[in-house]
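Trainee: Residues in the sequence shown are numbered from 0 upward in steps of one, following numbering that gives the first Met the number 0.
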Amino acid sequence: MKHAEAHNGARHAIAVVGGGIAGTACALQLAAAGHRVTLLVGAPQPDTPAEDEIRYYALSPASVALLSALGLDVESQGACRYTDMQVWGSLPRDGLHFSLADAPQSLPALGHIVGHGSLLKALRDRAGSALECLPTFAQGVHFHDAGVQIDCADGDLVTADLVVSAEGASAVLREAAGIDMHGWDYDQQGIVANVRCAEGMRRTAWQRFLATGPLALLPLDAHRASIVWSADAPEAQRLLALDDAGFASELTRAMQGVLGDIAVESSRAAFPLRAGQAARYFGDRLALIGDSAHVVHPLAGQGLNLGLGDVAALHAALDQHPTQLVRALKAYSRRRRAAVEDMIAVTDGLYRLFGPAGQGFAELRDAGMALVNRSAVARQWLVARALGLDARPSTNASSVG
Ligand SMILES: Cc1cc2nc3c(=O)[nH]c(=O)nc-3n(C[C@H](O)[C@H](O)[C@H](O)COP(=O)(O)OP(=O)(O)OC[C@H]3O[C@@H](n4cnc5c(N)ncnc54)[C@H](O)[C@@H]3O)c2cc1C
0 MKHAEAHNGA RHAIAVVGGG IAGTACALQL AAAGHRVTLL VGAPQPDTPA
50 EDEIRYYALS PASVALLSAL GLDVESQGAC RYTDMQVWGS LPRDGLHFSL
100 ADAPQSLPAL GHIVGHGSLL KALRDRAGSA LECLPTFAQG VHFHDAGVQI
150 DCADGDLVTA DLVVSAEGAS AVLREAAGID MHGWDYDQQG IVANVRCAEG
200 MRRTAWQRFL ATGPLALLPL DAHRASIVWS ADAPEAQRLL ALDDAGFASE
250 LTRAMQGVLG DIAVESSRAA FPLRAGQAAR YFGDRLALIG DSAHVVHPLA
300 GQGLNLGLGD VAALHAALDQ HPTQLVRALK AYSRRRRAAV EDMIAVTDGL
350 YRLFGPAGQG FAELRDAGMA LVNRSAVARQ WLVARALGLD ARPSTNASSV
400 G
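(1) Look at the Cβ atom of A119, then the Cβ atom of Q44, and state whether they are nearer than 8 Å.
(2) From the DSSP output, in three-state form, read off H141 for me.
(3) Contact defined as beta carbons within less than 8 Å: I believe L58 pairs with V73. What is the distance between those atoms, to the nearest angstrom?
(4) What beta strand (DSSP E) runs, 3 residues minimum, are completely inside the segment 64-121?
(5) Can you have a look at P392 and say buried or exposed, based on whether 16 or more other CB atoms are within 10 angstroms of its CB?
(6) Which class does T394 belong to by DSSP, given the choice of helix, strand or coil?
(7) If I measure Cβ to Cβ from G88 and keep anything under 8 Å in the same chain, skipping five residues before and after, which residues do I get?
(8) A169 lies in the beta strand (DSSP E); which residues open and close that run?
(9) Using a beta-carbon distance below 8 Å, is A337 in contact with chain B?
(10) Should T394 be labelled buried (16 or more other beta-carbon atoms within 10 Å of its own) or exposed?
(11) State the beta-bridge partners of P213 as determined by DSSP.
(12) Beta-carbon within less than 7 Å of A165's beta-carbon, same chain only, minus the 5 sequence neighbours each way: which residues are those?
(13) Going by beta carbon distance, what residues of the same chain come within less than 8 Å of Q276, once the five residues before and after it are set aside?
(14) By DSSP, does I343 sit in helix, in strand, or in coil?
(15) Compare the Cα-Cα distances from W228 to each of R279, M254, Q76 and L66 and report the closest residue.
(16) In chain order, which beta strand (DSSP E) runs of at least 3 residues are fully inside the segment 230-292?
(17) Whole angstroms are fine: how far does the CA of H143 sit from the CA of A126?
(18) Over what stretch of residues does the alpha helix (DSSP H) that includes A311 continue unbroken?
(19) Helix, strand or coil for G23? Go by DSSP, reduced to three states.
(20) Report yes or no: do the segment 187-195 and the segment 301-308 share at least 3 C-beta pairs separated by less than 8 Å?
(21) Count the C-beta pairs between the segment 218-226 and the segment 75-86 that are closer than 8 Å, then say yes if the count reaches three, no if not.
(22) Considering only heavy atoms of ligand 1, does any lie closer than 7 Å to the CB of F136?
(23) Can you tell me the Cα-Cα spacing of D101 and D309, whole angstroms?
(24) I'd like to confirm something about L39: is its beta-carbon nearer than 7 Å to some heavy atom of ligand 1, or not?
(25) With distances taken between CB atoms, is the gap from A383 to P103 smaller than 8 Å?
(26) Indicate whether the contact test is met: 3 or more Cβ pairs, each with one atom in the segment 28-36 and one in the segment 127-136, closer than 8 Å.
(27) Name, in chain order, the residues that DSSP records as bridge partners for D150.
(28) According to DSSP, simplified to helix, strand and coil, what is S225?
(29) Which residues in the same chain as H259 place their Cβ atom closer than 7 Å to its Cβ, once the five residues preceding and following it in sequence are excluded?
(30) Rounded to the nearest angstrom, what separates H11 and A316 at their Cα positions?
(31) Using a Cβ-Cβ cut-off of 7 Å (strictly less than) and excluding sequence neighbours within five positions of A396, which residues of its own chain qualify?
(32) What separation, rounded to the nearest whole angstrom, lies between the Cα atoms of S398 and A385?
(33) For the alpha helix (DSSP H) containing E198, name the first residue and the last one.
(34) Given a cut-off of 8 Å on the beta-carbon distance, is the pair R173 and D83 in contact?
(35) Taking the DSSP output, what are the residues bridged to A14?
(36) If you run the structure through DSSP and keep just helix, strand and coil, what is G400?
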């Protein structure tokens with residue numbers, strides 16, 4: 000039996016279950032705050048990380064700052080910063096363009112595109128030297144008045160004051176605690192791949208809303224991009240069945256040539272898309288973080304950003320109520336559920352506005368986008384929301400740019 004006991008002045012004894020990006024960052028953050036942390040890693044990182052190399056995340060400045068406070072410089076992991084975003088529906092000229100000038104405070108970037116494999120490896124390497132990491136899965140949990148006991152797949156037992164479930168969407172501990180997940184399937188798949196664009200990426204994140212779903216090209220360097228092409232299930236199957244040349248020419252056409260000819264440089268993978276969140280993010284001696292607590296459509300690139308926001312909020316709540324665990328967990332859950340509910344509403348609203356249901360008023364929608372694009376105040380407000388920053392426009396903004 001392993002005891003994640005708090006001793007030598009440590010605060011809580013915490014077991015974090017799930018060694019994905021959210022769980023490993025959480026374990027590091029809580030250990031740095033003086034808690035005694037054990038991380039149940041789950042699956043090891045594959046030796047030949049084919050899928051790891053085509054999964055990229057657009058991370059917000061807040062997420063990058065959190066990782067940096069944990070000692071991780073994403074740019075030295077090969078992350079590419081972007082300073083602009085171009086979003087459109089029917090025609091690029093009627094779309095929205097955001098730049099650093101629209102950010103409510105001085106920032107070096109609107110965000111960074113970070114590779115899953117390199118970020119996870121860097122986090123796990125740090126965790127390996129900073130805290131106890133067990134290469135096993137949790138398969139059961141027992142909550143007692145005095146603590147929590149976790150049954151591991153290797154037959155070991157881990158005890159702690161608090162367990163954090165960072166197990167991803169199919170969380171065993173969330174189900175064991177009887178916490179429902181409320182949500183819906185989009186009946187869409189998100190296709191990811193790496194591509195090369197003849198025209199430069201210009202440090203811009205590009206997104207076009209097609210009637211069948213949004214298509215994003217995120218810059219990896221001057222000419223390479225990571226795509227996330229969300230499409231209704233039949234369209235996704237059709238796109239996946241194309242050979243590389245056929246897929247590349249559909250992609251070039253879908254982007255209306257704004258990035259020139261596009262060539263495919265990797266295999267493709269597809270992920271089913273859902274949205275929803277847990278009825279509460281806490282139980283007796285249990286906190287849910289990351290995809291264990293919520294999933295959102297990737298069109299705003301916010302899933303992992305929300306997970307890292309959970310890490311910061313859980314750490315803050317435990318700091319704020321150092322001796323009242325229940326109070327800390329309730330405060331954490333309240334704060335994060337509200338933030339995630341907002342994000343689900345925004346992403347779902349965009350999905351519906353630009354999806355098949357919105358096609359009947361596409362002209363009106365495009366005119367609205369063009370109007371917003373001419374308003375510095377509106378652009379600042381949208382950028383602040385996207386970055387998770389204070390959404391009040393600065394007082395010296397002119398209303399028409
Ligand atoms: C197509 C697509 C594009 C996306 N793009 C973005 C983006 O640009 N920006 C963004 O912020 N987000 C994005 N997301 C969302 C993002 O991928 C997820 O929110 C994020 O990966 C969730 O991380 P996690 O650590 O919470 O969960 P996971 O990555 O699912 O990790 C869970 C970990 O827990 C382990 N585990 C599971 N069960 C157990 C157990 N019982 N015991 C021990 N270990 C266990 C697993 O092995 C795994 O390592 C995208 C999602 C999709 C589908």
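Backbone N, C-alpha and C define an ideal beta-carbon position, used for all residues, glycine too.
Mentor: Taking the structure as given:
(1) Walking along the sequence shown from the start, residue 119 turns up at place 120. Walking along the sequence shown from the start, residue 44 turns up at place 45. A quick correction: the sequence has Leu, not Ala, at residue 119. Going by C-beta atoms, L119 is nearer than 8 Å to Q44.
(2) Counting from 1 along the sequence shown, the entry for residue 141 is found at position 142. In this structure, H141 counts as strand in the three-state DSSP scheme.
(3) For the purposes of this step, residue 58 is identified with residue 59 of the sequence shown, where counting begins at 1. For the purposes of this step, residue 73 is identified with residue 74 of the sequence shown, where counting begins at 1. The Cβ separation is near 7 Å, so the contact holds.
(4) 79-81, 83-87, 95-98 and 110-114
(5) Translated into positions along the sequence shown, residue 392 becomes position 393. Note that P392 scores 39 on pLDDT, short of 50, meaning its location in the model is unreliable; the coordinates nonetheless yield the value given after this. By the neighbour-count rule (16 or more Cβ atoms within 10 Å), P392 is buried.
(6) As a working mapping, residue 394 is identified with position 395 in the sequence shown. The pLDDT assigned to T394 is 35, lower than 50, so where the model puts this residue is not dependable; a value taken from the coordinates is nonetheless given after this. T394 falls in the coil class under three-state DSSP.
(7) Indexing the sequence shown from 1 puts residue 88 at position 89. Same-chain partners within the cutoff: G94, R207, F208, F353, A361, R364, D365 and M368.
(8) In the sequence shown, residue 169 corresponds to position 170, counting from 1. Reading off the sequence shown, one finds Ser at residue 169, where the question assumed Ala. Neither: S169 is in no beta strand (DSSP E) and is coded neither H nor E.
(9) No chain B appears in the structure shown, which is made up of a single protein chain.
(10) Indexing the sequence shown from 1 puts residue 394 at position 395. Any reading at T394 is ruled out, since the residue's pLDDT is 35, under 50, leaving its predicted position unreliable.
(11) If you number the sequence shown from 1, residue 213 lands on position 214. F208, per the DSSP bridge assignment.
(12) Position 166 of the sequence shown, counted from the first residue, corresponds to residue 165. Counting only Cβ-Cβ distances below 7 Å, and skipping sequence neighbours, we find V15, V16, G17, G19, A21, G22, C25, I288, G289 and S291.
(13) As a first step, residue 276 must be located in the sequence shown, where it is residue number 277. If we look at Q276 and ignore the five residues flanking it on each side, its Cβ neighbours are M180, H181, G182, A292, H293, V294, R336, V339, E340 and I343.
(14) Position 344 of the sequence shown, counting from 1, holds the residue named residue 343. Reduced to three states, the DSSP call for I343 is helix.
(15) Within the sequence shown, residue 228 is the residue found at index 229, counting from 1. That would be M254, whose Cα lies nearest to the Cα of W228.
(16) 261-263, 268-277 and 285-287
(17) By one-based count along the sequence shown, residue 126 stands at place 127. By one-based count along the sequence shown, residue 143 stands at place 144. For A126 and H143, the distance between alpha carbons rounds to 28 Å.
(18) Start at 1 with the first residue of the sequence shown, and residue 311 comes out as number 312. Run containing A311: G302 to Q319, per the alpha helix (DSSP H) assignment.
(19) In the sequence shown, the residue the question calls residue 23 occupies position 24. It should be noted that the sequence gives Thr, not Gly, for residue 23. Looking at T23 - three-state DSSP - the assignment turns out to be helix.
(20) no
(21) yes
(22) Numbered from its first residue, the sequence shown carries residue 136 at position 137. Checking the Cβ of F136 against ligand 1 gives yes.
(23) Here residue 101 is taken as the residue at index 102 of the sequence shown, counted from 1. Here residue 309 is taken as the residue at index 310 of the sequence shown, counted from 1. About 26 Å.
(24) Taking the sequence shown and counting its residues from 1, the one referred to as residue 39 is at position 40. Yes.
(25) Within the sequence shown, numbered from 1, the residue matching residue 383 stands at position 384. Within the sequence shown, numbered from 1, the residue matching residue 103 stands at position 104. The answer is yes: Cβ separation under 8 Å.
(26) yes
(27) In the sequence shown, residue 150 corresponds to position 151, counting from 1. DSSP lists G139 and L156 as partners of D150.
(28) The count along the sequence shown starts at 1 and reaches residue 225 at position 226. It is a strand residue.
(29) Here residue 259 corresponds to residue number 260 of the sequence shown, with the count starting at 1. According to the sequence displayed, residue 259 carries Gly and not His. So the list reads C196, A197 and E198, once near-sequence residues are dropped.
(30) Mapped onto the sequence shown, residue 11 falls at position 12. Mapped onto the sequence shown, residue 316 falls at position 317. Going by the C-alpha atoms only, they are around 13 Å apart.
(31) What you label residue 396 is simply residue 397 of the sequence shown in a count that begins at 1. Since pLDDT at A396 reaches only 33, below the 50 mark, its modelled position is unreliable, and the value read off the structure follows with that caveat. Excluding sequence neighbours, A396 sits near A375, V376 and Q379.
(32) Residue mapping note: residue 398 aligns to position 399 of the sequence shown, counting from 1. Residue mapping note: residue 385 aligns to position 386 of the sequence shown, counting from 1. In this predicted model, S398 has a pLDDT of only 29, less than 50, meaning its place in the structure is not dependable; the value taken from the coordinates is given anyway. One C-alpha to the other measures close to 19 Å.
(33) By one-based count along the sequence shown, residue 198 stands at place 199. Careful: E198 lies outside any alpha helix (DSSP H) and carries neither H nor E.
(34) For the purposes of this step, residue 173 is identified with residue 174 of the sequence shown, where counting begins at 1. For the purposes of this step, residue 83 is identified with residue 84 of the sequence shown, where counting begins at 1. Going by C-beta atoms, R173 is not nearer than 8 Å to D83.
(35) Counting from 1 along the sequence shown, the entry for residue 14 is found at position 15. In DSSP, A14 forms a bridge with T37 and V162.
(36) Taking the first residue of the sequence shown as position 1, residue 400 is located at position 401. For G400, the predicted model reports a pLDDT of 25, less than 50, meaning its position is unreliable; a value from the coordinates is still stated below. Correct three-state label for G400: coil.
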